[in-house]
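Residues are numbered in this note's numbering as their position in the sequence shown, beginning at 1, plus a constant of 42. Idealized CB from N, CA, C, for every residue including glycine. Bear in mind that the values here come from a model prediction, so they are computed numbers and not experimental data. Worksheet: the structure to be examined is printed underneath.
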Amino acid sequence: MTLHTIPVLSRFERFRDLHEGFFVIPTIWDSLSAIAAEDAGFEAIATSSAALGYANGILSSERAPFDLVTSRLRTIAEAVRIPVSVDLEDGYPEVTGDITDSIRRIIDTGVVAANIEDSPGSHAVPLVAAEDHARAIARARQAAEQAGAGFFINARTDVFLLDDGLPDSKSIAEAVRRANLYLEAGANGVYVAAKNLSDDQVAALGQGIRGPLTLLAAPEGRSFGHWRKLGVNRISLGTLVIRNVYAAIQTQLAELRDSGTVLPFPPVDIDAVLRRGRTQFAG
């Protein structure tokens with residue numbers, strides 16, 4: 043059994059089936075964070091373009107090089123058994139020429155899903171025209187089918203990140219319109235990128251969008267059961283994990299500096315963790 047045959051297919055099927063219910067997907071940036079999420083019991087993981095960038099000294103307003111992204115994806119996918127999704131931003135058209143080539147190269151890393159957004163790589167306004175993004179989604183779907191790979195396309199709309207003064211009702215209507223257009227073009231699900239949505243707004247999205255809905259976890263600690271009741275299928279943690287990791291490192295080192303004593307080592311064998319990731323697909 044190898045990474046790019048049966049495991050990838052079964053990963054896709056598991057990932058697709060998760061969207062029939064409700065689940066939380068941690069956002070990771072390297073092999074160790076991926077293994078930690080798997081060991082914590084999560085059933086799928088996703089890269090965050092911002093988190094991957096942060097881990098490599100790249101600002102969220104900048105763009106991680108495509109070769110860096112694919113290199114990290116390959117090591118992540120080889121380190122875990124659970125499905126891996128990638129934040130593909132707008133598909134990197136300036137690098138690959140077209141999203142079809144991006145999808146082929148992404149599939150070759152072993153991941154089984156991607157978020158593809160309708161804002162340009164610079165996150166500038168205006169958004170890509172809905173019809174143009176739908177055509178890009180259709181090309182991505184065709185590329186996945188030609189590769190013979192099960193691949194989950196989560197079309198992301200950034201309507202709520204566009205500060206153009208649209209009333210909430212019009213933003214909801216436009217998000218629903220774009221979402222359903224992308225689903226018709228071949229997307230498996232939709233990610234509405236937004237912060238601080240009201241319950242009524244979330245419910246309107248859940249009722250209007252004809253496919254699995256992903257939202258960003260709200261910072262105020264709203265329960266996951268609450269999201270599920272409103273029609274959400276998947277919750278992304280965004281940059282929450284890497285921010286907490288940074289804060290934990292900073293706190294521990296500050297404590298060491300101030301106390302003048304070495305902190306006890308946690309009972310974690312990192313070599314064993316990485317060795318397991320390297321060998322789990324052998325045989």
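- Restricting attention to beta strand (DSSP E) runs no shorter than 3 residues, the stretch 271–324 encloses them at 276–278, ordered along the chain.
- Y288 counts as exposed, since fewer than 16 other beta carbons sit within 10 angstroms of its beta carbon.
- Close CB contacts of L223 within its chain, under the 6 Å cut and outside five residues either way in sequence, are with A172 and A176 (chain order).
- N196 is bridged by DSSP to N157 and G231.
- In the three-state reduction of the DSSP assignment, L130 falls in the coil class.
- By the Cβ test, the stretch 233–243 is in contact with the stretch 251–262, since at least three Cβ pairs between them sit closer than 8 Å.
- Remark: C-beta atoms of F64 and R276 approach each other more closely than 9 Å.
- E80 sits close to V122, with the two beta carbons spaced by under 9 Å.
- Nearest Cα to F108 within the set G267, D143, G248 and I284: D143.
- T89: member of the beta strand (DSSP E) spanning I87 to T89, first to last residue.
- In its chain, beyond the 5 residues on either side, L169 and D200 have a beta carbon closer than 6 Å to the beta carbon of S161.
- Of the residues A221, A155 and D241, the one whose Cα lies closest to the Cα of R198 is A221.
- Distance from the CA atom of T281 to the CA atom of I70, rounded to whole angstroms, is 9 Å.
- Excluding sequence positions up to five before and after R181, its CB lies within less than 6 Å of the CB of I141 and T142, all in the same chain and listed in chain order.
- Judged by their CB atoms, S90 and T117 are not nearer to each other than the 9 Å cut-off.
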